[in-house]
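First up is the structure itself, then whatever we jot down about it.
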Amino acid sequence: MKESKPSEKKPDFKLSSSSFAHGGEFPTDNRADEDNVNPALSWSGAPKNTESFVLIVDSEGPETGSNGRKTHWIVYDIPKEVDQIRDELSGADASDVGRLGFKEDAGQAPVVVDPMGAIDGWVDPEIERMQQMIHGALDASFKEENRAKEGTTSFGGTRYHGPSIDGTMCIFKLYALSTRLQLPSGASREEIMKAMKGKVLGKTTLSAKVA
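First residue of the sequence shown: 1, per full-length UniProt numbering; consecutive thereafter.
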(Lines of atoms letter the chains of each structure in order from A and count residues from 1; the text may use other names and numbers.)
(Lines give C-alpha, C1' and ligand atoms only; values in the text may rest on other atoms or scores of the structure.)
Protein backbone atom coordinates (compact mmCIF):
# COMPACT_ATOMS: atom_id res chain seq x y z
CA MET A 1 0.00 0.00 0.00
CA LYS A 2 1.41 3.34 -1.06
CA GLU A 3 1.77 5.82 1.77
CA SER A 4 0.38 9.26 1.12
CA LYS A 5 2.64 12.21 1.75
CA PRO A 6 1.62 14.44 4.63
CA SER A 7 0.05 17.63 3.35
CA GLU A 8 2.09 20.77 3.73
CA LYS A 9 0.60 23.00 6.40
CA LYS A 10 -0.01 26.50 5.14
CA PRO A 11 1.16 29.28 7.46
CA ASP A 12 -1.63 31.13 9.23
CA PHE A 13 -2.35 34.59 7.87
CA LYS A 14 -1.86 36.66 11.01
CA LEU A 15 -2.03 40.35 11.86
CA SER A 16 -0.33 41.61 15.02
CA SER A 17 0.91 44.79 16.67
CA SER A 18 3.88 45.66 18.85
CA SER A 19 1.68 48.38 20.37
CA PHE A 20 -1.03 46.13 21.85
CA ALA A 21 -2.11 42.51 22.24
CA HIS A 22 -5.15 41.03 20.50
CA GLY A 23 -8.12 41.61 22.79
CA GLY A 24 -6.06 43.93 24.98
CA GLU A 25 -6.28 47.63 25.73
CA PHE A 26 -6.11 50.12 22.88
CA PRO A 27 -2.98 52.32 23.20
CA THR A 28 -3.55 55.79 24.62
CA ASP A 29 -1.27 57.46 22.04
CA ASN A 30 -3.45 56.19 19.19
CA ARG A 31 -6.68 57.72 20.50
CA ALA A 32 -8.19 60.73 18.73
CA ASP A 33 -8.09 62.76 21.95
CA GLU A 34 -4.37 62.09 22.38
CA ASP A 35 -1.69 61.89 19.63
CA ASN A 36 -4.19 60.54 17.08
CA VAL A 37 -1.68 58.51 15.06
CA ASN A 38 -1.91 54.88 13.91
CA PRO A 39 -0.34 52.03 15.91
CA ALA A 40 2.37 49.79 14.47
CA LEU A 41 1.08 46.73 12.58
CA SER A 42 2.76 43.71 11.01
CA TRP A 43 1.57 40.53 9.32
CA SER A 44 2.80 37.17 8.09
CA GLY A 45 1.55 34.07 6.29
CA ALA A 46 -0.12 35.89 3.39
CA PRO A 47 -1.86 33.48 0.98
CA LYS A 48 -0.11 32.40 -2.20
CA ASN A 49 -0.66 34.70 -5.20
CA THR A 50 -1.35 37.74 -3.02
CA GLU A 51 -0.85 40.89 -5.09
CA SER A 52 -1.99 43.57 -2.64
CA PHE A 53 -3.49 44.18 0.79
CA VAL A 54 -6.39 46.25 2.10
CA LEU A 55 -6.54 47.44 5.71
CA ILE A 56 -9.83 48.61 7.20
CA VAL A 57 -10.07 49.86 10.79
CA ASP A 58 -13.59 49.93 12.24
CA SER A 59 -15.01 50.47 15.69
CA GLU A 60 -18.06 49.02 17.39
CA GLY A 61 -19.73 50.10 20.61
CA PRO A 62 -20.52 53.44 22.29
CA GLU A 63 -18.80 55.56 19.64
CA THR A 64 -20.62 54.11 16.66
CA GLY A 65 -24.10 55.54 17.19
CA SER A 66 -27.13 54.14 15.39
CA ASN A 67 -25.38 52.55 12.39
CA GLY A 68 -23.32 50.22 14.59
CA ARG A 69 -19.95 51.01 13.01
CA LYS A 70 -17.47 53.78 12.38
CA THR A 71 -14.54 53.52 10.01
CA HIS A 72 -11.34 55.09 11.34
CA TRP A 73 -8.85 54.25 8.60
CA ILE A 74 -8.73 52.57 5.19
CA VAL A 75 -5.55 51.76 3.28
CA TYR A 76 -5.74 49.92 -0.04
CA ASP A 77 -3.41 48.88 -2.86
CA ILE A 78 -0.75 48.12 -0.24
CA PRO A 79 2.07 46.50 -2.26
CA LYS A 80 2.44 42.74 -1.83
CA GLU A 81 6.04 43.16 -0.64
CA VAL A 82 4.93 45.12 2.42
CA ASP A 83 4.45 43.18 5.67
CA GLN A 84 4.32 45.99 8.19
CA ILE A 85 3.04 49.49 8.80
CA ARG A 86 5.10 51.61 11.16
CA ASP A 87 3.47 53.62 13.91
CA GLU A 88 2.68 57.27 13.16
CA LEU A 89 2.47 56.60 9.41
CA SER A 90 -0.85 58.45 9.26
CA GLY A 91 -2.94 60.70 11.46
CA ALA A 92 -2.94 64.16 13.02
CA ASP A 93 -1.71 66.46 10.23
CA ALA A 94 0.33 64.15 8.03
CA SER A 95 0.42 60.85 6.13
CA ASP A 96 3.21 58.85 4.52
CA VAL A 97 0.96 56.04 3.26
CA GLY A 98 1.98 56.77 -0.33
CA ARG A 99 5.52 55.72 0.58
CA LEU A 100 4.54 52.18 1.57
CA GLY A 101 6.53 49.77 -0.55
CA PHE A 102 9.99 51.26 -0.42
CA LYS A 103 12.66 52.36 2.05
CA GLU A 104 11.96 52.27 5.79
CA ASP A 105 8.16 52.29 5.46
CA ALA A 106 8.32 48.83 3.87
CA GLY A 107 10.76 47.45 6.39
CA GLN A 108 13.56 47.87 3.86
CA ALA A 109 16.92 49.38 4.69
CA PRO A 110 17.24 53.04 3.72
CA VAL A 111 19.63 53.94 0.92
CA VAL A 112 23.13 54.44 2.34
CA VAL A 113 25.61 56.56 0.42
CA ASP A 114 28.47 56.20 2.88
CA PRO A 115 28.14 54.20 6.13
CA MET A 116 30.88 56.40 7.64
CA GLY A 117 29.01 59.60 6.83
CA ALA A 118 27.52 59.90 10.31
CA ILE A 119 29.63 59.76 13.44
CA ASP A 120 28.17 60.21 16.93
CA GLY A 121 25.06 61.84 15.50
CA TRP A 122 26.94 64.24 13.21
CA VAL A 123 26.16 63.91 9.49
CA ASP A 124 28.38 65.37 6.80
CA PRO A 125 26.22 67.99 4.97
CA GLU A 126 27.46 66.77 1.57
CA ILE A 127 26.57 63.15 2.39
CA GLU A 128 23.15 64.26 3.63
CA ARG A 129 22.54 66.21 0.41
CA MET A 130 23.47 63.16 -1.70
CA GLN A 131 21.12 60.96 0.32
CA GLN A 132 18.26 63.41 -0.18
CA MET A 133 18.90 63.49 -3.93
CA ILE A 134 18.85 59.68 -4.16
CA HIS A 135 15.71 59.37 -2.03
CA GLY A 136 14.02 62.06 -4.12
CA ALA A 137 14.87 60.22 -7.34
CA LEU A 138 13.51 56.96 -5.94
CA ASP A 139 10.30 58.68 -4.85
CA ALA A 140 9.84 60.21 -8.30
CA SER A 141 10.30 56.82 -9.98
CA PHE A 142 7.59 55.20 -7.85
CA LYS A 143 4.56 55.62 -10.11
CA GLU A 144 1.40 57.04 -8.56
CA GLU A 145 -0.72 54.06 -9.66
CA ASN A 146 1.60 51.72 -7.74
CA ARG A 147 1.31 53.57 -4.45
CA ALA A 148 -0.87 52.63 -1.50
CA LYS A 149 -3.85 54.94 -1.01
CA GLU A 150 -6.15 55.98 1.82
CA GLY A 151 -9.93 55.86 1.63
CA THR A 152 -12.47 58.24 3.14
CA THR A 153 -13.29 57.53 6.79
CA SER A 154 -16.48 58.12 8.76
CA PHE A 155 -14.95 61.43 9.84
CA GLY A 156 -14.76 62.86 6.32
CA GLY A 157 -11.00 62.74 5.86
CA THR A 158 -8.58 60.12 4.57
CA ARG A 159 -5.97 60.03 7.33
CA TYR A 160 -6.11 57.79 10.37
CA HIS A 161 -8.62 59.02 12.97
CA GLY A 162 -8.50 57.08 16.21
CA PRO A 163 -11.35 56.18 18.55
CA SER A 164 -11.84 58.27 21.68
CA ILE A 165 -14.74 56.90 23.74
CA ASP A 166 -14.08 54.33 26.46
CA GLY A 167 -15.75 50.98 25.87
CA THR A 168 -15.33 51.14 22.09
CA MET A 169 -13.89 48.04 20.40
CA CYS A 170 -11.44 48.91 17.63
CA ILE A 171 -11.10 46.21 14.96
CA PHE A 172 -8.27 46.05 12.41
CA LYS A 173 -9.13 43.94 9.35
CA LEU A 174 -6.46 43.01 6.82
CA TYR A 175 -7.43 41.46 3.48
CA ALA A 176 -5.07 39.75 1.03
CA LEU A 177 -6.18 40.27 -2.58
CA SER A 178 -5.36 38.58 -5.86
CA THR A 179 -4.96 41.94 -7.60
CA ARG A 180 -4.76 45.66 -6.96
CA LEU A 181 -8.00 47.64 -6.81
CA GLN A 182 -6.70 50.60 -8.84
CA LEU A 183 -9.29 52.91 -7.32
CA PRO A 184 -8.43 56.59 -6.98
CA SER A 185 -7.36 58.01 -3.63
CA GLY A 186 -10.20 58.86 -1.27
CA ALA A 187 -12.52 56.03 -2.34
CA SER A 188 -15.40 55.31 0.04
CA ARG A 189 -15.67 52.18 2.16
CA GLU A 190 -18.57 51.00 0.01
CA GLU A 191 -16.60 51.48 -3.23
CA ILE A 192 -13.64 49.58 -1.81
CA MET A 193 -15.72 46.67 -0.51
CA LYS A 194 -17.50 46.43 -3.87
CA ALA A 195 -14.20 46.42 -5.78
CA MET A 196 -12.86 43.68 -3.48
CA LYS A 197 -15.59 41.17 -4.40
CA GLY A 198 -14.15 38.00 -5.91
CA LYS A 199 -10.57 39.09 -5.17
CA VAL A 200 -10.15 38.22 -1.47
CA LEU A 201 -7.69 35.36 -0.83
CA GLY A 202 -7.58 35.69 2.94
CA LYS A 203 -8.54 37.84 5.92
CA THR A 204 -7.11 38.33 9.40
CA THR A 205 -8.29 40.56 12.26
CA LEU A 206 -6.88 42.20 15.35
CA SER A 207 -8.87 44.03 18.01
CA ALA A 208 -8.39 46.12 21.14
CA LYS A 209 -10.73 47.87 23.56
CA VAL A 210 -10.57 51.57 24.27
CA ALA A 211 -10.42 52.05 28.04
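Glycine residues also receive a C-beta, built at the ideal position from the N, C-alpha and C atoms.
The model shown is predicted, which means the values in this text are computed figures rather than measured ones.
Does the separation of the CB atoms of residue i and residue j fall below 9 Å?
i, j, result
"ILE56", "PHE155", "no"
"ALA187", "GLY151", "yes"
"ARG69", "PRO163", "no"
"ARG180", "SER19", "no"
"ILE74", "THR168", "no"
Apart from the five residues just before and just after residue i, which ones in its own chain have a Cβ nearer than 6 Å to its Cβ?
i, result
"GLY14", "Contrary to the premise, residue 14 reads as Lys rather than Gly in this sequence. Taken in chain order, the residues that qualify are SER44, GLY45, THR204."
"ASP35", "ASP29"
"THR71", "ASP58, THR153, SER154, ARG189"
"ALA148", "VAL75, ASP77, ILE78, VAL97, LEU100"
Return the first residue and the last residue of the alpha helix (DSSP H) that residue i is part of.
i, result
"GLU191", "189-196"
Could you give the DSSP three-state label for residue i: helix, strand or coil?
i, result
"GLY24", "strand"
"VAL97", "helix"
"PRO125", "helix"
"ASP77", "strand"
Where does the unbroken beta strand (DSSP E) through residue i begin, and where does it stop?
i, result
"THR205", "200-209"
"GLU60", "52-60"
"ALA32", "No beta strand (DSSP E) holds ALA32; DSSP gives it neither H nor E."
"LYS173", "169-177"
Spatial neighbours of residue i within its chain, please: CB distance less than 8 Å, with the 5 preceding and 5 following residues excluded, ordered by chain position.
i, result
"GLY23", "SER207, ALA208, LYS209"
"ALA92", "ASP35, ASN36, VAL37, ARG159"
"LYS80", "ALA46, THR50, GLU51, SER52, PHE53"
Return the chain-ordered list of same chain residues with a C-beta closer than 7 Å to the C-beta of residue i, the five sequence neighbours on each side being excluded.
i, result
"ASP87", "SER19, VAL37, ASN38, PRO39, ALA40"
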